[in-house]
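Converting from the sequence shown to my numbering requires adding 16 to each position, the first position being numbered 1.
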Amino acid sequence: MFTTGCIDQKNPRSLKVSAVDFIHFIRDSWNFQKCDNDIVILLSKDDRKVYTEAGTTANKFLTDDCIDQVHDIIESELSDGKYYETLKEMTTQYKIILSEGNCGYISEKRTMTIVAFTVGAVFGTIVLTFSVCALILNRKQGRYQKQSDDEEIDKKVVRTSRPLYHSNHSFDGAAGEDSCNIDKDNNEGIKDNC
């Protein structure tokens with residue numbers, strides 16, 4: 017059950033003191049103090065602030081430290097003006113804390129988040145490092161391969177190059193020319209008219 021109240025902000029007392037006074041007023045008028053196991057949440061829409069106070073029985077489990085941790089969780093939703101989501105998250109967190117008997121799960125949850133982030137960052141760094149190294153080696157090997165291919169082609173050209181004009185035949189004394197004419201303009205050295 018929710019109620020609204022007005023806090024005189026002209027009063028020099030702090031907002032927290034006014035909130036505590038208002039919570040005590042609600043406890044007294046609604047008889048919450050019977051078992052002292054109540055939790056009162058005060059939400060100021062104008063200030064976008066929330067204050068939680070637990071009775072002595074509830075405060076055994078829902079300590080001030082736990083309340084502060086829950087406030088850290090809901091701070092972004094509260095500053096965005098998402099009041100319903102803020103109250104829903106707070107009540108969910110408080111129920112879990114009361115059923116667990118402490119707020120250690122919040123610390124464990126944060127620790128697991130930090131561990132997961134750290135492991136992910138390390139793994140990502142390793143993968144990135146191997147990828148960069150593989151890329152560099154591939155490029156170097158590609159240059160070496162190209163250079164090796166060029167050298168192999170040069171060797172083949174040297175091995176297969178022959179003079180363009182070559183004849184083993186003797187001259188025919190009458191014509192003064194080789195009996196087997198070689199096309200001198202033909203780069204492949206193909207013999208014509210043989």
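The beta carbon of each residue, even a glycine, is placed where N, CA and C say it ideally should be.
Nearest-angstrom Cα separation, counted from residue j out to residue i
i: Ile39; j: Asn75; result: 15 Å
i: Thr72; j: Leu114; result: 13 Å
i: Tyr110; j: Arg64; result: 20 Å
i: Val143; j: Ala150; result: 10 Å
i: Ala35; j: Ile130; result: 35 Å
i: Glu69; j: Asp96; result: 23 Å
i: Asp88; j: Val66; result: 11 Å
i: Gly120; j: Phe77; result: 11 Å
i: Ile152; j: Thr141; result: 16 Å
i: Glu101; j: Arg155; result: 54 Å
i: Asp37; j: Asn118; result: 27 Å
i: Ile42; j: Phe139; result: 53 Å
i: Val33; j: Lys98; result: 25 Å
i: Ile112; j: Asp84; result: 15 Å
i: Ile90; j: Asp44; result: 28 Å
i: Asp62; j: Thr145; result: 51 Å
i: Ser147; j: Val86; result: 42 Å
i: Ile55; j: Gly136; result: 39 Å
i: Trp46; j: Asn53; result: 13 Å
Enclosing beta strand (DSSP E) for residue i [first to last residue]
i: Ser60; result: Ile55 to Ser60
Helix, strand or coil at residue i [DSSP, three-state]
i: Thr79; result: coil
i: Cys119; result: coil
i: Asp88; result: helix
Unbroken alpha helix (DSSP H) run spanning residue i, endpoints
i: Lys111; result: Tyr99 to Glu116
i: Phe41; result: Leu31 to Trp46
Beta carbon of residue i nearer than 9 Å to that of residue j
i: Gly31; j: Ser60; result: Inspection of the sequence shows that residue 31 is occupied by Leu rather than by Gly. Yes, Cβ-Cβ distance for Leu31 and Ser60 is below 9 Å.
i: Glu116; j: Glu105; result: no
i: Ile57; j: Thr107; result: yes
Per DSSP, cross-strand counterpart(s) of residue i
i: Lys65; result: Ser60
i: Ala70; result: Ile55
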